[in-house]
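For the sequence shown, the UniProt record's numbering gives the first residue as 1, with consecutive numbering after it.
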Amino acid sequence: ALVEDKVRAHTAKAEAEIACGRASAVIAELEALTFEHPYREPLWTQLITAYYLSDRQSDALGAYRRVKTTLADDLGIDPGPTLRALNERILRQQPLDAKKSAKTTAAGTVTVLDQRTMASGQQAVAYLHDIASGRGYPLQAAATRIGRLHDNDIVLDSANVSRHHAVIVDTGTNYVINDLRSSNGVHVQHERIRSAVTLNDGDHIRI
């Protein structure tokens with residue numbers, strides 16, 4: 001738990017520094033974190049973003065190659081869609097609007113999916129992590145409802161949140177989020193979903 005808290009604290013700090021135009025200030029710290037936690041794609045996403053915003057495109061592309069190789073060799077998987085999309089933007093030398101992204105992720109209704117294995121090693125537990133408050137919501141039920149009313153599993157006290165806004169379902173192999181006909185919609189990775197969407201580790205969810 002202490003390790004998880006440390007990682008979350010460093011992640012929040014790095015996000016704030018990047019948003020404020022100080023990406024180069026967090027590169028060394030993110031390099032150390034990705035070395036300690038080589039399978040955590042959100043950390044790699046931040047490191048690659050920091051490289052690119054610091055005019056170190058070759059380092060950004062090199063970091064993507066490293067994480068891609070690590071995931072393939074050790075776990076037999078490819079990087080998730082967030083990392084792949086970031087790499088494509090860098091290859092095309094497209095600008096990254098860090099300030100706009102930071103404003104979105106600073107909202108109280110934004111959460112990050114964080115899947116990790118408990119110390120027992122027997123059960124994978126997913127968490128929704130509220131960036132603004134630092135609060136974590138474990139996804140322990142087969143279905144977790146999110147909304148404004150108190151009969152929801154996760155209650156968000158905001159006028160922008162519908163009474164029953166969204167539901168996250170544990171399918172046994174992954175987590176799927178669906179919009180419960182809310183007024184303002186559900187956004188995953190800054191795009192409004194139109195149907196059920198499978199969540200990936202590190203995905204940003206705006207309710």
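We put the CB at the ideal spot given by N, CA and C, even for glycine.
| query | result |
| --- | --- |
| Based on Cα-Cα distance, which residue from W44, A60 and L43 lies nearest to Y51? | A60 |
| Would you mind giving the Cβ-Cβ distance between L83 and T49, rounded to the nearest angstrom? I have them listed as a contact below 8 Å. | With 8 Å as the limit, L83 and T49 do not qualify as a contact, their Cβ atoms being about 10 Å apart. |
| Which ranges does the beta strand (DSSP E) cover as unbroken runs of at least 3 residues, wholly within the UniProt domain "FHA" (144–193), from first to last along the chain? | 166–170 and 175–179 |
| Which residue from L43, Y39, H37 and G21 puts its Cα closest to that of A12? | L43 |
| Between R145 and S158, which are expected to be in contact by the criterion C-beta below 8 Å, what is the C-beta distance as a whole number of angstroms? | Incorrect: roughly 16 Å between the Cβ atoms, too far for contact. |
| Assign E41 to one of two classes, buried (16 or more other C-beta atoms within 10 Å of its C-beta) or exposed (fewer than that). | buried |
| Going by DSSP, which residues form a beta bridge with T69? | None; T69 has no bridge partner. |
| Could you round the C-beta distance between L180 and V188 to whole angstroms and report it? I think they count as a contact, below 8 Å. | In fact, because the Cβ distance is near 15 Å, the residues do not count as touching under 8 Å. |
| Suppose contacts are defined by Cβ-Cβ distances below 8 Å. Is N152 in contact with H164 by that definition? | yes |
| Have a look at S162 and I207 and give me their C-alpha separation to the nearest angstrom. | 9 Å |
| Would you give the residue range spanned by the beta strand (DSSP E) that R206 belongs to? | H204 to R206 |
| Can you tell which of A63, C20, D170 and H129 has the C-alpha that lies nearest to the C-alpha of L156? | H129 |
| Give the single residue among R135, Q93, S183 and A72 whose Cα lies nearest to the Cα of Q57. | Q93 |
| Is it buried or exposed, L91, if we count other Cβ atoms within 10 angstroms and call 16 or more buried? | exposed |
| Mind checking whether the beta-carbon of S182 lies closer than 7 Å to any heavy atom of the ligand ZN? | The ligand content of the structure shown is nil, which means the ligand ZN is not present either. |
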